[in-house]
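Residue numbers (our numbering): 32 to 146.
Structure below.
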């Protein structure tokens, strides 16, 4: 039966011995005998430590709920006014333009090449 011993060079501890009476200066075993440190053993902040002052901004949720739940016939994606309208129109223009570009590219690809 053969035994395989894997050794690595240890530049920090030159001259140290190895298993089974074999002496190799500067080599050490592969597996460390020390346990690795626990990284997330305990939370850094307990839940009782949180206060209302952790977030310094104003709570906008009630205002936005009133805005979005108002029944005025405007679609939900246009409720915030001009910025939403500009974003919607830009998106639609790019979508229509991209569709037309793809159709033109397909048409050109389907035509045989002239020699």
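Backbone N, C-alpha and C define an ideal beta-carbon position, used for all residues, glycine too. This structure is a prediction, so every number in the text was calculated from the model and none was measured.
By the DSSP assignment, the alpha helix (DSSP H) with residue 129 in it spans what residues? For residue 129, the enclosing alpha helix (DSSP H) starts and ends at 113-141.
For residue 93, three-class secondary structure by DSSP: In the displayed model, residue 93 falls within a helix according to three-state DSSP.
Looking only at its chain, what residues have a beta carbon closer than 6 Å to the beta carbon of residue 63, apart from the 5 residues adjacent to it on each side? Excluding residues within five positions, none has a Cβ falling inside 6 Å.
Using the Cβ count rule (16 or more neighbours within 10 Å means buried), how would you classify residue 52? Confidence is the limiting factor: at residue 52 the pLDDT is only 47, short of 50, which leaves the residue's position unreliable, though a coordinate-based value still follows. Counting Cβ neighbours within 10 Å, residue 52 comes out exposed, since fewer than 16 surround it.
Would you report the Cα separation of residue 122 and residue 115, rounded to the nearest angstrom? C-alpha separation (whole angstroms): 10 Å.
Can you tell me whether residue 69 is helix, strand or coil according to DSSP? Here residue 69 sits in coil by DSSP.
Identify, in the order they occur along the chain, each residue of the same chain with its Cβ nearer than 8 Å to the Cβ of residue 96, setting aside the five sequence neighbours on each side. Contacts found: none.
Between the CA atoms of residue 124 and residue 110 - distance to the nearest angstrom: About 20 Å.
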